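Okay, so here's the structure we're looking at.
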Amino acid sequence: MYKKILSIFVAAVVLTLGAASLNANMITDITSELKYGANVGLTYGHTKTDAAGVDTTSGVGYSLGGTATHEVNEKLNVNLGLGINTVNSEQEVSSVKTESKLTYLHIPLTTEYALPYETGNFSFSVEGGGYIAYLLSAGGDVDKDIIYDGDYGIVLGVSAKTSSPISSIENMKMSVNYNSGLKEIVTDTKNAGFNISVSGQF
5 MYKKILSIFV
15 AAVVLTLGAA
25 SLNANMITDI
35 TSELKYGANV
45 GLTYGHTKTD
55 AAGVDTTSGV
65 GYSLGGTATH
75 EVNEKLNVNL
85 GLGINTVNSE
95 QEVSSVKTES
105 KLTYLHIPLT
115 TEYALPYETG
125 NFSFSVEGGG
135 YIAYLLSAGG
145 DVDKDIIYDG
155 DYGIVLGVSA
165 KTSSPISSIE
175 NMKMSVNYNS
185 GLKEIVTDTK
195 NAGFNISVSG
205 QF
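In my numbering, the protein residues as written are 5 to 206.
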């Protein structure tokens, strides 16, 4: 299921970037060359706010999902993800604390560049791009109706890749990404946070 959905998204992105002249066979060639992976991790997120008198504290959540990777060349990859991402945090106003637990459908699109440095069996890379997200649920002391459903922002990260001891998995990757929301989810408030994940590529 993930492979079919991710392939559709990749084809849509290619068309959006101006490749309308590509025929169906060329799009099929692109999607057939994709490498797929799965990831699981922890989030350390918070809501950043410009509102006066509001203090925010980060909270721990989880992330899980799948990725499709297109290798442009030996140094450059394009990664498209689809998964679930949580942003848990605590806000305090005038000594009154409220807790928010937000769960999003998360779709990041990043470009990954391999660094010219290796140690042992590890290679390293940096990546950057953006994400869009859709609010699936809101818990804690927050009413989902007051939160804007859509979110988008930038993604920056670093990762270390190594071979996998499992024959069915081509390699393992450990990543640390920072997501910074650009869209206000409520007045003067945006999402932000770190995501630490482990992924396997098939």
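For glycine and all other residues, C-beta sits at the position ideal for the given N, C-alpha and C.
Since the model is a prediction, treat every value here as computed from it, not as a measurement.
Expected contact under 8 Å - CB spacing of residue i and residue j to nearest Å
i   : j    : result
I88 : T107 : 7 Å
T51 : N183 : That belief does not hold up - the Cβ atoms of T51 and N183 are roughly 12 Å apart, past 8 Å.
DSSP-derived helix/strand/coil call for residue i
i    : result
D147 : coil
L186 : coil
G124 : coil
P112 : strand
A24  : Because the pLDDT of A24 is 49, which lies under 50, any placement of that residue in the model is unreliable, and the question is left without a value.
E94  : strand
S168 : coil
V76  : coil
K194 : strand
S99  : coil
L38  : coil
D54  : coil
D59  : strand
Rounded straight-line distance, which links the Cα of residue j to that of residue i
i    : j    : result
A24  : S62  : Note on A24: pLDDT 49, under 50, position unreliable in the model; the coordinate value appears next. Computed Cα separation, rounded: 43 Å.
A164 : V44  : 15 Å
G204 : E75  : 16 Å
A137 : T114 : 14 Å
E78  : P169 : 23 Å
A118 : T60  : 35 Å
Y6   : E131 : Reliability of the predicted coordinates at Y6 is poor, the pLDDT of 49 falling under 50, and the value obtained from them is presented with this limitation in mind. One C-alpha to the other measures close to 22 Å.
S127 : F206 : 18 Å
S129 : N83  : 13 Å
Y152 : P120 : 42 Å
Y48  : V64  : 5 Å
S104 : E94  : 6 Å
I158 : E188 : 14 Å
L46  : S167 : 22 Å
L186 : S67  : 20 Å
V100 : A56  : 14 Å
A42  : D192 : 34 Å
S171 : N125 : 16 Å
Closest Cα partner of residue i within the set the options
i    : options                   : result
N92  : N199, N181, I150 and F206 : N199
P112 : T166, I173, G70 and T53   : G70
V190 : P169, F128 and L139       : L139
T73  : E116, G65 and S201        : E116
A142 : V159, T166 and G154       : G154
H110 : E96, G85 and S98          : G85
Y40  : N81, E94, Y135 and T123   : N81
E96  : T53, S172, G133 and S67   : T53
V162 : S171, Y156, G133 and E188 : G133
S98  : S167, T193 and V58        : V58
Y135 : S172, L160 and Y156       : Y156
Margin query: Assess contact between the region 166-180 and the region 140-148, defined as three or more Cβ pairs (one per stretch) separated by less than 8 Å. Is contact present?
Written below: Three or more beta-carbon pairs separated by less than 8 Å are not found between the region 166-180 and the region 140-148, which leaves the two stretches without contact.
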